[in-house]
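Structure, as structure tokens:
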Amino acid sequence: MNRLLRSGTRVLCLAAAAIAVSACLASEASATSCPNGTSTWCPTYVQNATFNPGGIGLSDFNYEVDYNVTNWTKQNGDNFPEEMGLTLCDASYNCYSYDYSSYGHIQDPRSISYGRAKCHAYDNNMYPINVQSCWTENY
Amino acid sequence: MAVHFRNKSGVIAVTAVCCAAAALASAHALLAAGTAPATGVSAGVSAFADLPQATASPSVAATVARLASSIGMSGAAALRELRALRTGVGPLSVTLYGFAAADGSNCIFLPGWVAGCGAATEGPRGTQFVIGGGWPARVASQTVDVPSTLAGIVSDDVSGAQLSINGVKRALPIRHNSYVATLPDVPASDPWHATLSLTHTDGSTTSVDLPNPAGD
């Protein structure tokens, strides 16, 4: 498999409301070691961002994207039902159904032969949420 | 049955439409009354203590190892606490696993589909849940229609659960503090109004708005 291996990872980060209100384009160095020892590509494509309801983050593209993870917390305590979702999308932005959860740590173990990872704050969340990270890997 | 869940080439055609129903929770009423409700499953999940340790296949053990650190457990400790909360989930008969730390923080997962972890207080009163799976047959190269599945745990003070999707209501049996439901494949362009309703032993209720997994 001709994998796309990169020494640096450009990260496209879209932190937006249901109607896009903001976007950021950032660059970061890829991690020197990935949680899975066989991975060589594990970009954190969102880091310390505020997601309004409907906000999304998108990783760069790669082959054999196999894992997608997010860590997030609520801004207004646990009394309100906020949810976060993960999925993988192809080059045409066709995506799998979302893996959603009320948990603050979510792992999506699905894979895609070529595409990118996406994390998403549920459209009907009541308040913005703090997204510590969304990261993905291939292996 | 050996089923390969990983998709290596197919993707779903998704129409990007978001639903607009408001999220509601009885927590609001309790807050308005000045009463702070117990959130998440902080009232306790006895199944984690009552069920026997589950046997883990190598792939399940690997998943446990990946999840454990998120709630401050070692992989070995998490394996000792691994429980099979439900078996035979969905048309592919998967198992809902879970494990909990001493402080009540826990993880639940459907192998190959989805996993969630967090403190016992996370989430709406009485439950923590994941929605996973979701490889509709309309996806290129997919030969098996795997619907999205709702799976969650409830605290010991929950006596009943009901799922309503687009006006169709059904009771969700609670066994071992858990519930599961196969979700209909509703295109994102179609209406979606889904609510998980919990009844607590004190007679109060909690309602949780559920997203359409096929949303944008």
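Protein sequences appear in the order of chains P and E. Using my numbering, read the first sequence as starting at 25 and increasing by one per residue. Using my numbering, read the second sequence as starting at 13 and increasing by one per residue. Think of the CB as a built atom: it goes at the ideal place given N, C-alpha and C, for glycine as much as any other residue.
Worksheet item: Using the beta-carbon count (16 or more within 10 Å), is Q99(P) buried or exposed?
Response: Sequence index remark: in the first sequence, residue 99(P) carries index 75 (1-based). Result: exposed.
Worksheet item: Beta-carbon of E107(P) versus every beta-carbon of chain E: anything under 8 Å?
Response: Walking along the first sequence from the start, residue 107(P) turns up at place 83. Contacts with chain E at 8 Å (Cβ-Cβ) include E107(P).
Fill in: CB contact below 8 Å: Y146(P) versus chain E
Taking the first sequence and counting its residues from 1, the one referred to as residue 146(P) is at position 122. By the rule that beta-carbons nearer than 8 Å mark a contact, Y146(P) touches chain E.
Item to complete: Pick helix, strand or coil for V76(E), following the three-state DSSP scheme.
Response: Locating residue 76(E) in the second sequence gives position 64, where the first residue counts as 1. Judged by DSSP in its simplified three-state form, V76(E) adopts helix.
Practice prompt. Have a look at N148(P), M150(P), W65(P) and Y120(P) and flag the residue whose alpha-carbon is nearest the alpha-carbon of S126(E).
Written response: Taking the first residue of the second sequence as position 1, residue 126(E) is located at position 114. Looking at the sequence itself, residue 126(E) is Val, so the reference to Ser does not match. Measuring from the Cα of V126(E), the nearest candidate turns out to be Y120(P).
Practice prompt. Using a Cβ cut-off of 8 Å (strictly closer), state whether S160(E) contacts chain P.
Written response: Looking up residue 160(E) in the second sequence gives position 148. Closer than 8 Å to some Cβ of chain P, the Cβ of S160(E) qualifies, so yes.
Worksheet item: Skipping 5 residues on each side, what residues in its chain have a beta carbon closer than 7 Å to that of G215(E)?
Response: Taking the second sequence and counting its residues from 1, the one referred to as residue 215(E) is at position 203. Around G215(E): no qualifying Cβ.
Worksheet item: What residue does the beta strand (DSSP E) around G100(E) start on, and which one ends it?
Response: Position 88 of the second sequence, counting from 1, holds the residue named residue 100(E). Element bounds for G100(E): R95 to V101.
Worksheet item: DSSP on L91(E), reduced to helix/strand/coil?
Response: Walking along the second sequence from the start, residue 91(E) turns up at place 79. L91(E) falls in the helix class under three-state DSSP.
Worksheet item: Between A33(E) and S201(E), what straight-line distance do the alpha-carbon atoms span, to the nearest angstrom?
Response: Start at 1 with the first residue of the second sequence, and residue 33(E) comes out as number 21. Start at 1 with the first residue of the second sequence, and residue 201(E) comes out as number 189. Caution applies to A33(E), whose pLDDT of 32 falls short of 50 and renders its modelled position unreliable; the value that the coordinates give is listed next. Going from the Cα of A33(E) to the Cα of S201(E) covers about 14 Å.
Worksheet entry | Closer than 8 Å at the beta carbon, the chain P residues around G135(E) | Your numbering for residue 135(E) matches position 123 in the second sequence. Neighbours of G135(E) on chain P, chain order: D102, P105, S126 and Y127.
Worksheet entry | Closest by C-alpha distance to P70(E), when choosing among S171(E), G124(E), D168(E) and S81(E) | Here residue 70(E) refers to the residue found at position 58 when the second sequence is read from its first residue. Of S171(E), G124(E), D168(E) and S81(E), the residue nearest in Cα terms is G124(E).
Worksheet item: How would you list, in chain order, the residues of chain P whose beta-carbon sits under 8 Å from the beta-carbon of A89(E)?
Response: Start at 1 with the first residue of the second sequence, and residue 89(E) comes out as number 77. None at all; the shortest Cβ gap to chain P is about 17 Å.
Discussion item. Let me check one thing: in DSSP terms, what residues is G135(E) bridge-paired to?
Written reply: Here the question's residue 135(E) lines up with position 123 in the second sequence. DSSP lists no partner for G135(E).
Worksheet item: Is the CB of C143(P) under 8 Å away from at least one CB in chain E?
Response: Walking along the first sequence from the start, residue 143(P) turns up at place 119. Not closer than 8 Å to any Cβ of chain E, the Cβ of C143(P) fails to qualify, so no.
Discussion item. 8 Å is my cut-off, CB to CB: does Y120(P) come that close to chain E?
Written reply: For the purposes of this step, residue 120(P) is identified with residue 96 of the first sequence, where counting begins at 1. It does: the Cβ of Y120(P) has a partner Cβ on chain E nearer than 8 Å.
Item to complete: Starting from A115(P), trace the beta strand (DSSP E) both ways and give me its first and last residue.
Response: Working through the first sequence from its first residue, we reach residue 115(P) at position 91. Unbroken run through A115(P): none, as it is neither H nor E.
Worksheet entry | Of the listed residues S176(E), T139(E) and P103(E), nearest to A50(E) (C-alpha basis) | Against the second sequence, residue 50(E) aligns to sequence position 38. Ranking the options by Cα distance to A50(E), first place goes to T139(E).
Worksheet item: With DSSP run on the structure shown, which of helix, strand or coil describes D147(P)?
Response: Within the first sequence, numbered from 1, the residue matching residue 147(P) stands at position 123. D147(P) falls in the coil class under three-state DSSP.
Worksheet item: Who are V106(E)'s beta bridge partners in DSSP?
Response: For this step, residue 106(E) is matched to residue 94 along the second sequence. Partner(s): V101(E).
Discussion item. Assuming the contact rule is C-beta atoms closer than 8 Å, N95(P) and W65(P) should be a hit. Round their C-beta distance to whole Å, please.
Written reply: Taking the first sequence and counting its residues from 1, one reaches residue 95(P) at position 71. Taking the first sequence and counting its residues from 1, one reaches residue 65(P) at position 41. In fact, because the Cβ distance is near 19 Å, the residues do not count as touching under 8 Å.
Worksheet item: Less than 8 Å separating the beta-carbons of G172(E) and T207(E)?
Response: On the second sequence, residue 172(E) is found 160 positions in, with the first residue counted as 1. On the second sequence, residue 207(E) is found 195 positions in, with the first residue counted as 1. No. Outside cutoff.
Worksheet item: CA-CA distance, T218(E) and S176(E)?
Response: Counting from one through the second sequence, the residue named residue 218(E) turns up at place 206. Counting from one through the second sequence, the residue named residue 176(E) turns up at place 164. T218(E) and S176(E): Cα-Cα distance of roughly 13 Å.
Discussion item. Considering just the uninterrupted stretch of the alpha helix (DSSP H) at D62(E), what are its terminal residues?
Written reply: Translated into positions along the second sequence, residue 62(E) becomes position 50. Per DSSP, D62(E) belongs to the alpha helix (DSSP H) from A59 to D62.
Practice prompt. Taking C-beta pairs closer than 8 Å, name the residues in chain P that P223(E) reaches, listed in chain order.
Written response: In the second sequence, the residue the question calls residue 223(E) occupies position 211. By Cβ distance, chain P contributes E107, G109, Y122, Y124, Y146, D147 and N148.
Practice prompt. Note down the Cα distance separating D221(E) from P67(P), rounded to an integer number of angstroms.
Written response: Taking the second sequence and counting its residues from 1, the one referred to as residue 221(E) is at position 209. Taking the first sequence and counting its residues from 1, the one referred to as residue 67(P) is at position 43. The alpha-carbon atoms of D221(E) and P67(P) are separated by roughly 31 Å.
Fill in: Closest residue to V158(E) among R137(E), A61(E), N118(E) and L122(E) (Cα-Cα distance)
Start at 1 with the first residue of the second sequence, and residue 158(E) comes out as number 146. Ranking the options by Cα distance to V158(E), first place goes to L122(E).
Worksheet entry | For P59(P), the three-state DSSP class (helix, strand or coil) | Within the first sequence, the letter at position 35 stands for residue 59(P). In this structure, P59(P) counts as coil in the three-state DSSP scheme.
Worksheet item: Roughly how many angstroms lie between the CA atoms of C48(P) and R182(E), to the nearest whole one?
Response: Taking the first residue of the first sequence as position 1, residue 48(P) is located at position 24. Taking the first residue of the second sequence as position 1, residue 182(E) is located at position 170. Because C48(P) sits at a pLDDT of 36, beneath the cut-off of 50, its placement in the model cannot be relied upon, and the point is left open.
Discussion item. Please state whether the Cβ-Cβ distance between V72(E) and V166(E) is less than 8 Å.
Written reply: Translated into positions along the second sequence, residue 72(E) becomes position 60. Translated into positions along the second sequence, residue 166(E) becomes position 154. With contacts defined by Cβ atoms closer than 8 Å, V72(E) and V166(E) do not form a contacting pair.
Discussion item. Our contact map puts M108(P) next to A141(P) with C-beta atoms below 8 Å; I'd like the distance itself, whole angstroms only.
Written reply: Counted from its first residue, the first sequence places residue 108(P) at position 84. Counted from its first residue, the first sequence places residue 141(P) at position 117. Actually they are not in contact, since the Cβ atoms of M108(P) and A141(P) sit about 13 Å apart, beyond 8 Å.
Worksheet item: Of the choices N154(P), C143(P) and S157(P), whose alpha-carbon is the least far from that of P225(E)?
Response: Looking up residue 225(E) in the second sequence gives position 213. Cα-wise, what sits closest to P225(E) is C143(P).
Worksheet item: Closest to T75(E) by CA distance: which of E106(P), N118(P) and D132(P) is it?
Response: Counting from 1 along the second sequence, the entry for residue 75(E) is found at position 63. Nearest of E106(P), N118(P) and D132(P) to T75(E), Cα basis: D132(P).
Worksheet item: Where does S51(P) fall in DSSP's three states?
Response: If you number the first sequence from 1, residue 51(P) lands on position 27. The pLDDT assigned to S51(P) is 36, lower than 50, so where the model puts this residue is not dependable, and the model offers no usable value.
Worksheet item: Just to confirm, are A59(E) and S190(E) a CB contact at a threshold of 8 Å?
Response: In the second sequence, counting from the first residue as 1, residue 59(E) sits at position 47. In the second sequence, counting from the first residue as 1, residue 190(E) sits at position 178. Cβ distance < 8 Å, so A59(E) and S190(E) count as in contact.
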